[in-house]
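The structure appears right after this line, and notes come after that.
Protein chains: 2
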Amino acid sequence: MPYTDLDWKAINTIRVLAVDATSAANSGHPGAPMGLAPAAHVVFQKFMTFNPKNPKFLNRDRFVLSNGHGCMLHYALLHLYGYDLSIDDLKHFRQVGSKTPGHPEAHDTPGIEVTTGPLGQGVSNAVGIAIAQAQAGATFNKPGFDLLNSHTYVFVGDGCLQEGVASEAASLAGHLQLGNLIVIYDDNHITIDGDTNVSFTEDVLARFEAYGWHTQWVKDGNEGLDDLEKAIEVAKSVKNKPSIIKLTTIIGYGSLQQGTHGVHGSPLKPDDAKQVKERFGFDPSKFFDVSPEVYGLYKETADRGAAAEAEWNALFEKYKGSFATEASEILRRYEKRLPEGWQNNLPVYSSTDGAVASRKLSETVLAKVINTLPELLGGSADLTGSNLTIWKGAVDFQPPDSKIGDYTGRYIRYGVREHGMGAIMNGISAYGLHIPYAGTFLNFVSYAAGAVRLSALSQHQVIWVATHDSIGLGEDGPTHQPIETVAHLRAIPNLQLWRPADGNECSAAYYVALTSHHTPSVLCLSRQNLPQLENSTIEHAMKGGYVVHEDSEAAVTIVSTGSEVGICVDAIKTLAAEGIKARVASLPCWEVFDSQSQDYKLSVLPDGVPILSVEVYSTLGWEKYSHEQFGLNRFGASGPYKDIYKKFEFTPEGIAKRAKATIDFWKDVKPIRSPLKRAFTQLI
Amino acid sequence: MPYTDLDWKAINTIRVLAVDATSAANSGHPGAPMGLAPAAHVVFQKFMTFNPKNPKFLNRDRFVLSNGHGCMLHYALLHLYGYDLSIDDLKHFRQVGSKTPGHPEAHDTPGIEVTTGPLGQGVSNAVGIAIAQAQAGATFNKPGFDLLNSHTYVFVGDGCLQEGVASEAASLAGHLQLGNLIVIYDDNHITIDGDTNVSFTEDVLARFEAYGWHTQWVKDGNEGLDDLEKAIEVAKSVKNKPSIIKLTTIIGYGSLQQGTHGVHGSPLKPDDAKQVKERFGFDPSKFFDVSPEVYGLYKETADRGAAAEAEWNALFEKYKGSFATEASEILRRYEKRLPEGWQNNLPVYSSTDGAVASRKLSETVLAKVINTLPELLGGSADLTGSNLTIWKGAVDFQPPDSKIGDYTGRYIRYGVREHGMGAIMNGISAYGLHIPYAGTFLNFVSYAAGAVRLSALSQHQVIWVATHDSIGLGEDGPTHQPIETVAHLRAIPNLQLWRPADGNECSAAYYVALTSHHTPSVLCLSRQNLPQLENSTIEHAMKGGYVVHEDSEAAVTIVSTGSEVGICVDAIKTLAAEGIKARVASLPCWEVFDSQSQDYKLSVLPDGVPILSVEVYSTLGWEKYSHEQFGLNRFGASGPYKDIYKKFEFTPEGIAKRAKATIDFWKDVKPIRSPLKRAFTQLI
């Protein structure tokens, strides 16, 4: 159907709403919404299947605005299509408590698939959504039942394409031949520093071609609705390549400052806003004004979307009849219910079992649960043999014609692309049918910091299998030995950092990570062998902290994590030889421990005797649980790990020496209060 | 000159040394050294100018082994050429205290230019070295005096090229037309997960062509010494493009496992090591065996390098005669001496001066010192107008034919490439004549975490101008508001994180950052205006912490940083109205404060009364300086900043309330000791 004046009215309504909202907020980015309104109209009106009354309809097409600063574009669309986003919400753009924050947040606003704004993340998330879709489709579609066949549409700006995270994800997307991914690149030649020719003169389409993408260029993104429509049709017809369409647009189209960075990140001046409205046939004295015809036009599409969902539901009912097991699996995974009794597969250890590296313990957990939990979609950033993230019989997630796997595969070879991997995992989680996990060295989780904080903010269940977790990795040396990493991750709200000390703690870490559906987890795992502790049980460790060794006559409590807990237990003997009694507590996960009752926590870290923490990282933050801290506030060293532990005195003797210093130093203070007791509670 | 048997003997000596060293360490990566030994021989013998007796010769060609895990290649070369690296050092490969750690560290080993191993960093550092060289050359070379004209040669593997940081740097290098950069890509088809076809099937050369690089492919990297030599000659002749030469090699050449990932990351089996030696004509019963002819061959080259330096020194003497000012500038900068009295330009404020955003204060500092300190090489990741990192009259560092700057320019448009920017700054610092600084939002320093920790480990003087430093940025919302970032950076050893509260503190931050030649700094700067504090002076703030408001009858000390210090000062009045007296301390830089005498520190945070910390970040770590902590252990909110501060109670009233709770909670504890008093000192 040809585009009509009403189509243009709708497009211009989006533009004017973006002008009004940024003016009302006196803050925000009108340029991208004004430039991209035509493209958004084409994508939403002609291609996307979605139901505003059920934003979580499983087989919906996904839309990702990777240039999230242009979010008024998306908010306007969501409002006009009848999502639960009122005109008042638009009026409260960028205000405290609104559903329209300055950058789109997936958990706050219906219809937002992933949190964007930090550049490069959205398009990388979209690669994850596309992977998840391809994997789910290959797994559940059956002859006559093309059940899961959605596309992911992405808008991306110059900024996103300069970011390394997007390069990583795009290279992998090309390798994986993700034909369900269509990216529209807003080629507007403007970034904050001005013309892109100051820093970004590469040939973007040639780069994507080199990655294995299908590329097109639509030269008139301002008026050429038909051209873009045709290009998207071509893109959809290419089944074995992701597509990128370079769409040349004028940023801030309609503004007196169009085509300049003046319209990028600040509201239009009142005069300019007025002329924009006049130019597009709007009454300049009205604000947030939407004509009924525009609502009507978009309602038709929304209704078609609702009908499409109804049709899909009918198909799903038929599918249920023919493929009952698969149908109930889809529902179970969609509702984030784990299969009953799955946790009985978790390995249980006794203290007489041998010492095992916790990366190896992690491998055992995965081997035990992987078949029971088909939602697990694993992988590694090219460290499979070191992270031990794969299992016997695993099939690679690979394009079928690669002959080294297929799309039902549940193991992703991410390549050496940690940041891309993190962002892709967020996208996999956002699709809704998988729990992604992936491995790298703990130190290189830092490469992915941008994605990790968004996992936490967006409440994605994503699991990092972070092996080689300390100086205990030995010879690779300081470049690979985390010091600050754990403090960094512990400081991220809504992130569970686990550092299990033995087999039961490792099982507990997986149990909590797998049942925490709105929280990412990082499991810090050792390269070196760790003994099984005496009082360690899955139930104890699930609390995030517990007593490993109790002694009612203790003069000191030693609290520790991971590979150092066993050494602390040995230190008890060293101290006992000098007539000093000590308790030892293990605190594998602060975030989980913090959520226990104060009574329980005080039973682990009680009043009365001083507490010494022991961990081979920066001591930063340990004061929260201890009076004195033994750690490593410097970079590590290259050598066999036992030599390094000795050099830095993380030995029974080194710990005992500091425990004695702690006892001595606190002998005159009365009362000795547990650091858990605080003057006031923190805001949440 | 044609290659002789002796050349091959030298090449095979490198291979065998790598086999012996990894075997002795029972750890390490023999594959890359064995595969790349021919290429290394060609580069070092035929192209590089260097003097092993003076590894810091200014106009040396630089060599960067980006695939740092192959460091035995470089260690072997350094030893054979006569750098201060003995055969014993090779025997102690990967041992505690050796000069041959598991990955090359610039500050430990003579001849290592930059610390590599974390993938993608080295090649990105090399872009920085090339930028610094081009800038210094354009600045100091004169007709007849081609004084600074070195090249940078890089070896890079598949892993490095998968990393986003390398993509960012490579795109910028192409834009900047860095003809002095020659990258040799070890196309060996192997990464840890096996064949690169599992994840890395892009057309690498096509990608680099898209970036604007000159590309070549040498198909036989194992035997084709002449082909590689010719390719490098061509690369050197291309003056306006960086070059990449794809060199197809067999990893672990000579091993029974050659061409497989079995030879990537573990020593060869004894039998295999034996047959390698036999194959290459070595006595398998000997270890670390180097023939005198090989030493002789390399000594010739080393002697040529020493002669080249002597010749350069003579040229420099002549240059001194003609260009005395420039010559003394080169020496001054090479020796890291700042011009006398430069610090007199630092702006000084009095408490009656108006409130100013600290990002603006930073702009003023830069404007005042930029002409006095020509070693400053600035830039921003596409946020110039927000970071305020540019100055009036600044010239962009751009390729001359761009017409928008030239190579004498001192302002780099990094594009939206934070991680690349961080790694490039490390390279600029490594070249030795510049102090790089660059801007982004504090939250996005996290994108560069991989490079930031290497700044600290490698002791690079790099300055991050990190604006929009908290929820105070307002409307952009939680995606842009740092919470965990400061804890992360504070936990990195040898990194100075500053959060100035006013103008004098900002000047102090720059003073210390500019005079700390072996330490990176991150300056956290506000978007919102901050009042000038009463007791703030540059001298006080230079100590990292000082008393802003003293009161000998105080019942509580409030310690804070940056934008919250002024609010704490206001809280004093709120408390005074209730008859409560309080002290306020400002702690703009923990790392610097920690280095003061215990007496001084105790004068700021004394015994006797409880201490409350106030900062709008994660409280993690503040227990080190305070008994109670008021912070933000959750994500922020989108809205005008004053509304957000109010929502989270960072107001005089909110602070006063918590100060009272603190006083009350600690009233029964005797003695109240400063948290600065500890049972034992940390290892350094």
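Protein sequence lines, in the order shown, are assigned to chains A and B.
Using our numbering, the first residue of the first sequence is number 1, and each one after it goes up by one.
Using our numbering, the first residue of the second sequence is number 1001, and each one after it goes up by one.
Cβ atoms here follow ideal geometry from the backbone N, Cα and C, with glycine treated the same way.
Compare the Cα-Cα distances from residue i to each of the options and report the closest residue.
i: His1103(B); options: His1029(B), Asp1401(B), Ile1190(B); result: His1029(B)
i: Thr1013(B); options: Thr1139(B), Lys1543(B), Tyr1298(B); result: Tyr1298(B)
i: Glu1202(B); options: Ala554(A), Gln177(A), Thr201(A); result: Gln177(A)
i: Ile1463(B); options: Asn1494(B), Gly1472(B), Asp1146(B); result: Asn1494(B)
i: Ala508(A); options: Leu346(A), Leu533(A), Ile390(A); result: Leu346(A)
i: Tyr1153(B); options: Ala1169(B), Ala1126(B), Leu1172(B); result: Ala1126(B)
i: Ser1351(B); options: His1264(B), Ile1232(B), Glu1505(B), Ile1424(B); result: Glu1505(B)
i: Leu1147(B); options: Leu1058(B), Lys1230(B), Thr1115(B), Leu1085(B); result: Leu1058(B)
i: Leu161(A); options: His1468(B), Leu1632(B), Asp1382(B), Met1048(B); result: Asp1382(B)
i: Val416(A); options: Asp1089(B), Ile1011(B), Gly1117(B); result: Gly1117(B)
i: Asp1089(B); options: Trp1217(B), Phe1155(B), Thr1022(B), Ile1232(B); result: Thr1022(B)
i: Lys318(A); options: Tyr431(A), Trp213(A), Lys142(A); result: Lys142(A)
i: Ser1552(B); options: Gln1528(B), Lys1581(B), Pro1588(B); result: Lys1581(B)
i: Asp1668(B); options: Asp664(A), His549(A), Arg673(A); result: Arg673(A)
i: Ile435(A); options: Ala18(A), Thr519(A), Gly174(A); result: Thr519(A)
i: Gln1045(B); options: Thr1004(B), Ser1266(B), Met1034(B); result: Thr1004(B)
i: His1214(B); options: Pro1242(B), Gly1221(B), Asn1222(B); result: Pro1242(B)
i: Leu1181(B); options: Tyr1075(B), Pro1267(B), Met1048(B); result: Met1048(B)
i: Glu1278(B); options: Trp1312(B), Leu1256(B), Ala1554(B), Gly1296(B); result: Leu1256(B)
Provide the residue span of the alpha helix (DSSP H) that contains residue i, from first to last.
i: Asp226(A); result: 225-237
i: Leu1176(B); result: 1164-1176
i: Arg1413(B); result: From DSSP, Arg1413(B) is part of no alpha helix (DSSP H) but of the beta strand (DSSP E) over 1411-1413.
i: Glu186(A); result: Inspection of the sequence shows that residue 186(A) is occupied by Asp rather than by Glu. Asp186(A) -> not in any alpha helix (DSSP H); beta strand (DSSP E) instead, spanning 181-187.
Which whole-angstrom value is the C-beta distance of residue i and residue j, which I expect to be below 8 Å?
i: Leu1433(B); j: Arg1333(B); result: 5 Å
i: Leu1620(B); j: Arg678(A); result: No, Leu1620(B) and Arg678(A) are not in contact; Cβ-Cβ is about 14 Å, not under 8 Å.
i: Leu1247(B); j: Ala1423(B); result: The pair is not a contact, with the Cβ atoms about 23 Å apart (cut-off 8 Å).
i: Leu457(A); j: Phe1050(B); result: Not quite, the Cβ-Cβ distance comes to about 48 Å (not below 8 Å), so this is no contact.
i: Ile1190(B); j: His1264(B); result: 6 Å
i: Gly31(A); j: Leu78(A); result: At roughly 20 Å, the Cβ-Cβ gap does not stay under 8 Å, so Gly31(A) and Leu78(A) are not in contact.
i: Gln135(A); j: Thr389(A); result: 16 Å between Cβ atoms; not a contact.
Can you name, in chain order, every residue of its own chain whose Cβ lies under 6 Å from the Cβ of residue i, other than the five neighbours on each side?
i: Ser1470(B); result: Val1616
i: Val43(A); result: Tyr153
i: Leu525(A); result: Ser358, Arg359, Ser362, Thr467, Asp469
i: Pro531(A); result: Ala355, Gly566
i: Pro33(A); result: Ala18, Gly70, Met72, Leu73
i: Gly157(A); result: Asn67, Asp186
i: Glu1229(B); result: Val1042, Lys1046
Identify the continuous beta strand (DSSP E) that holds residue i and give its terminal residues.
i: His549(A); result: 546-549
i: His1214(B); result: 1214-1218
i: Ile192(A); result: Looking at the DSSP string, Ile192(A) is not in any beta strand (DSSP E), and its letter there is neither H nor E.
i: Ile1129(B); result: Counting along the chain, Ile1129(B) falls outside any beta strand (DSSP E), though it belongs to the alpha helix (DSSP H) covering 1121-1140.
Leaving out five residues before and five after residue i in sequence, what residues of the same chain have Cβ atoms less than 8 Å from its Cβ?
i: Val294(A); result: Leu6, Lys9, Ala10, Thr13, Leu80
Beta-carbon within less than 7 Å of residue i's beta-carbon, same chain only, minus the 5 sequence neighbours each way: which residues are those?
i: Val685(A); result: The shown model of chain A, from 1 to 684, leaves out residue 685(A), and the question about it has no answer.
i: Ala37(A); result: Ile11, Ile14, Arg15, Leu73
i: Ile192(A); result: His261, His264, Gly265
Residues in the region 490-509 of chain A having any Cβ partner in chain B nearer than 9 Å
Arg490, Ala491, Ile492, Pro493, Asn494, Leu495
Anything in the region 1413-1426 of chain B with a Cβ closer than 9 Å to a Cβ of chain E? List those residues in chain order, please.
-> The chain inventory of the structure shown lacks chain E, comprising the protein chains A and B.
Fill in: Chain-ordered residues of the region 1349-1374 of chain B with a beta carbon less than 9 Å from chain A
none
| request: Would you list, in chain order, the members of the region 1631-1648 of chain B that have their beta-carbon closer than 9 Å to a beta-carbon of chain A? | output: Gly1631, Leu1632, Asn1633, Arg1634, Phe1635, Ala1637, Ser1638, Gly1639, Pro1640, Asp1643, Ile1644, Lys1646, Lys1647, Phe1648
> Of all the residues that make up the region 1081-1094 of chain B, which are near chain A by a beta-carbon distance shorter than 8 Å?
Replying inline: Arg1094
>> Please identify, using Cβ separations under 7 Å, the residues of the region 112-142 of chain A that lie next to chain B, in order along the chain.
In response: Thr115, Gly117, Pro118, Leu119
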